[in-house]
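Down below is the structure, laid out as structure tokens.
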Amino acid sequence: MNWLDHLPALMLAVPLFGAFIAPLTAWGGKGLRNAWFLLVSVVFSVLAILLWSRVGAAGPLIYVMGGQGWNIALPSGISIPVRILMEIDAFSAFMVLLGAVASLAGAVFSVAYMDRFSGMEKFVALYFLMVTGMFGMEVTGDFFNFFVFLEISSVASFGLVAFWRDRGEALEAAFKYMLVSSLGAMMVLLAVAFLYSRYNVVNMATLGKVIEWGMVEKTALVLFLTALAMKCGSVPMHMWMPDAYAEAPAGVTCALIAVSQASLYGLFRVCFTIYGAFMGSPVIPWVIIILGILSMFIGVSMAVIQKEVGRLIAYHSVSQVGYMLLGFGVGLLALGDARAMADYGFTALKGGVFHIVNYTMYKGLLFLAAGALFYATGSRNLNEMGGLARRMPKTMVLFMIAAAAIAGLPPFNGFVSKLLIYESSFAVHPILAVFAMVTSVLTLASFVKIFQTAFLGPELKKFAGVKEVPGAMLVGMTVLAVAIIGLSLFPTWSLNNLVEPAAKALMDQTSYIGAVFAAAATGGGL
Amino acid sequence: MNPLSVVARTVCNLFAWFLAIFGIYVIVHGHLTPGGGFQGGAVVATFMAFLLVAHGGEKMQSWVRKDRFTLMECFGLTLFISAGLLGMSKTFFFNFLAKAGGVFGGVLPIGPNAGALNTSGTIALMNLSVGIEVVGGLSMILLYMFSAAHPQEPMGREESGHDR
């Protein structure tokens, strides 16, 4: 028995175990708790890399929880999978990998950043629960479990957003996020109920196989689309995002970004794998494209006028999610038309997938840098900052890398993914590319604003005592900076090995379905 | 919250134990009768609610220690996930105790029968662990709800923020 077969289960078991043990580390003092925090984070990151390389080598993996064997999806005499099934294709493995990297960076950063606060063992437990929920959403092959993991990650993140409970704003942000998320989760549950009442299955692969295009399916699709677009922060359902991202402790925000990307993952899993070619009309792809355009433009125009560093960067998240929605929307539009797919659809998908990894890395780094500014100066307001370049040179360099990447300056990775999206959306309609480019210009403008106000200018007297942030925070930021530089310097490698398999897996509905039912042949099913 | 009259307190003292026993029954028979770890655990936690209502908050604070409940919570959850991990020789959450003859390893004859307690393998074990976790968690929630409803009565060394 090869233990690597159990990777999908370990991906959930390790952070869950970490969360359950975390409160006990309170008895061992600060050192033990930090060691546990880092150890578990490193372990699940290593597991994520192993999982990703295994899926890359062997194609979609399945894992049957509690079964006689990990690959017996259909015990003899049963035609649909009834056990708890996990399924990981290249797209899921890609999402797990970058979620793990973002969570690792957030964890390393938090060790120093949260050092002066009490209640940290609960913080660690909630952090790991949130990570478990995120991994669960990405590895599950079953819609009901998708809902369960969505709830786990949401509930854990409410607690983390409200961690600084002496701040009224943090409580307000958490409450707003809770209302929006609960509504979204109920809509997901309702959509699952619609599909279950129609087909008597909740398994994703089986649904993808049997689904037809009717009223029930349309209703379910609209519910999924609304709820998951809400969870990933698309305009007009974005109002929770700036609050929650700006108020959560910086390390948490870094992981929270990856968590909201898991909702985006769910959205595209539904659209591409379940509905796929049955999507029939171009209405849904166009809805996604228009949501993307709106998010891009409204997000960035709200961002330019913000004075708080955290809120400014958080509004950029809205606009960056717009890019991904645009890319995937264009890809979805081309799905089912082989010529359009080869022409621009696949480029758009690659752009969207590449933008997910780029966004998670540089946005995480930006939030960590904003957290570092707050840690050093005690201020969130840009108008009060200035001249920090001499005081915090390392933070400045790291911030500069992230800002250049998000603004899409060549040769940084943001440039590559944005170029792919411009190119492909131009083929659909030039106005889409125009919107995307204007957004990019405004993005650059607002990051020049932060950089200029916070780091440049004469030194301020009140910041004379400001020192560079502690080493652990710099290490956390460096993890992400190294990822950004790696993706920037080797765009061809990342496109071929990281992005393309994920984009192909998204298009490839048959092998996702096949992975469950092919196992039937060996397991003696049907 | 003030203590109730001596009559109410005596009745609550007595009936709290019945509730606890009934809750434990629901947990232990989780695999045979309706209910299970969560439901039974919630019933056992009403033990705390009864005493909290009858005796008032301050007295309860001096009687119980919250870190015991944290310990219970962690123990239950760890037992749960360990039961999953021990099945790893086949798959995660594989029922390795069922029909093995040992703890919860009994075998039932096929056909209508009353069921036996010593069956079902890890299902019973997981009911137990969820029960322990829910008792700890819900009792703690009740205590915290009390301290939130009466912020003027400080509870332990908790502070409004997390600053040290």
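Protein sequence lines, in the order shown, are assigned to chains A and B. With the numbering used here applied, the first sequence corresponds to residues 1 to 526, in that order. With the numbering used here applied, the second sequence corresponds to residues 1001 to 1164, in that order. Glycine included, each C-beta is placed from N, C-alpha and C at the ideal position.
Per-residue burial, residue i [other beta carbons within 10 Å of its own, 16 or more giving buried]
{"i": "Ile284/A", "result": "buried"}
{"i": "Met215/A", "result": "exposed"}
{"i": "Pro81/A", "result": "buried"}
{"i": "His429/A", "result": "exposed"}
{"i": "Ile211/A", "result": "buried"}
{"i": "Glu1158/B", "result": "Because Glu1158/B sits at a pLDDT of 48, beneath the cut-off of 50, its placement in the model cannot be relied upon, and the point is left open."}
{"i": "Asp243/A", "result": "buried"}
{"i": "Asp89/A", "result": "buried"}
{"i": "Val1103/B", "result": "exposed"}
{"i": "Val353/A", "result": "buried"}
{"i": "Asn1002/B", "result": "exposed"}
{"i": "Leu104/A", "result": "buried"}
{"i": "Leu529/A", "result": "Outside the shown range of chain A, which is 1 to 526, sits residue 529/A, and nothing can be said about it."}
{"i": "Leu195/A", "result": "buried"}
{"i": "Ile293/A", "result": "buried"}
{"i": "Met477/A", "result": "buried"}
{"i": "Ala1008/B", "result": "exposed"}
{"i": "Pro410/A", "result": "exposed"}
Per-residue DSSP class, three states only, for residue i
{"i": "Val64/A", "result": "strand"}
{"i": "Asp142/A", "result": "strand"}
{"i": "Phe490/A", "result": "coil"}
{"i": "Phe117/A", "result": "strand"}
{"i": "Asn413/A", "result": "helix"}
{"i": "Asn34/A", "result": "helix"}
{"i": "Asn2/A", "result": "coil"}
{"i": "Asn1002/B", "result": "coil"}
{"i": "Asn203/A", "result": "strand"}
{"i": "Val259/A", "result": "helix"}
{"i": "Asp337/A", "result": "coil"}
{"i": "Ala372/A", "result": "helix"}
{"i": "Pro576/A", "result": "Residue 576/A lies beyond the range of chain A shown here (1 to 526); nothing can be said about it."}
{"i": "Ser182/A", "result": "helix"}
{"i": "Thr1091/B", "result": "coil"}
{"i": "Trp1063/B", "result": "helix"}
{"i": "Val235/A", "result": "coil"}
{"i": "Ala1116/B", "result": "coil"}
{"i": "Met134/A", "result": "helix"}
{"i": "Lys461/A", "result": "helix"}
{"i": "Asn71/A", "result": "coil"}
{"i": "Phe123/A", "result": "helix"}
{"i": "Thr1033/B", "result": "coil"}
{"i": "Phe1104/B", "result": "coil"}
{"i": "Asp243/A", "result": "helix"}
{"i": "Arg165/A", "result": "coil"}
{"i": "Lys467/A", "result": "coil"}
Sheet register partners of residue i (DSSP bridge)
{"i": "Leu85/A", "result": "Val64/A"}
{"i": "Glu1058/B", "result": "Paired residue(s): none; Glu1058/B is not in a bridge."}
{"i": "Asn381/A", "result": "Glu308/A"}
Inter-residue CB distance, residue i and residue j (contact presumed, cutoff 8 Å)
{"i": "Ala125/A", "j": "Glu247/A", "result": "Contact flag wrong, Cβ pair sits at about 20 Å."}
{"i": "Val96/A", "j": "Glu138/A", "result": "5 Å"}
{"i": "Leu312/A", "j": "Ser446/A", "result": "6 Å"}
{"i": "Phe451/A", "j": "Met400/A", "result": "7 Å"}
{"i": "Ser1139/B", "j": "Ala1045/B", "result": "5 Å"}
{"i": "Lys307/A", "j": "Asn383/A", "result": "6 Å"}
{"i": "Phe557/A", "j": "Ala502/A", "result": "What the structure shows of chain A is the stretch from 1 to 526, and residue 557/A is not part of that stretch, so it cannot be assessed."}
{"i": "Val469/A", "j": "Met392/A", "result": "7 Å"}
{"i": "Ala370/A", "j": "Val309/A", "result": "4 Å"}
{"i": "Ala573/A", "j": "Ile1081/B", "result": "Since the displayed chain A opens at 1 and closes at 526, residue 573/A lies outside it and no answer follows."}
Practice item. Count the CB pairs spanning the region 1039-1056 of chain B and the region 1124-1135 of chain B that are closer than 8 Å, and state whether there are at least three. Key: yes
Exercise for review: Evaluate contact between the region 410-430 of chain A and the region 344-359 of chain A, counting only Cβ atoms and requiring at least three cross-stretch pairs below 8 Å.
Suggested key: yes
Review point. Can at least three beta-carbon pairs, one atom from the region 223-243 of chain A and one from the region 304-318 of chain A, be found at a separation below 8 Å?
Key: yes
Review point. Are the region 54-61 of chain A and the region 104-113 of chain A touching by the rule of at least three beta carbon pairs closer than 8 Å?
Key: no
Exercise for review: For the region 42-57 of chain A and the region 176-193 of chain A, state whether three or more C-beta atom pairs, one from each stretch, are separated by less than 8 Å.
Suggested key: no
Review point. Is the region 129-146 of chain A in contact with the region 14-33 of chain A, if contact means three or more CB pairs nearer than 8 Å?
Key: yes
Exercise for review: Report yes or no: do the region 381-395 of chain A and the region 479-498 of chain A share at least 3 C-beta pairs separated by less than 8 Å?
Suggested key: no
Point to revise | Three CB pairs or more closer than 8 Å across the region 412-420 of chain A and the region 287-301 of chain A | key: no
Exercise for review: Decide if the region 181-189 of chain A is in contact with the region 140-155 of chain A; the criterion is three or more beta carbon pairs, one per stretch, under 8 Å apart.
Suggested key: yes
Practice item. Report yes or no: do the region 1009-1023 of chain B and the region 1054-1071 of chain B share at least 3 C-beta pairs separated by less than 8 Å? Key: yes
Exercise for review: Specify whether the region 72-79 of chain A and the region 29-39 of chain A touch according to this definition: at least 3 beta carbon pairs, one from each stretch, less than 8 Å apart.
Suggested key: no
Exercise for review: Evaluate the contact criterion for the region 220-227 of chain A versus the region 330-339 of chain A: three or more CB pairs, one atom per stretch, below 8 Å.
Suggested key: no
Review point. Does the pairing of the region 196-203 of chain A with the region 255-266 of chain A give three or more beta-carbon distances under 8 Å?
Key: no
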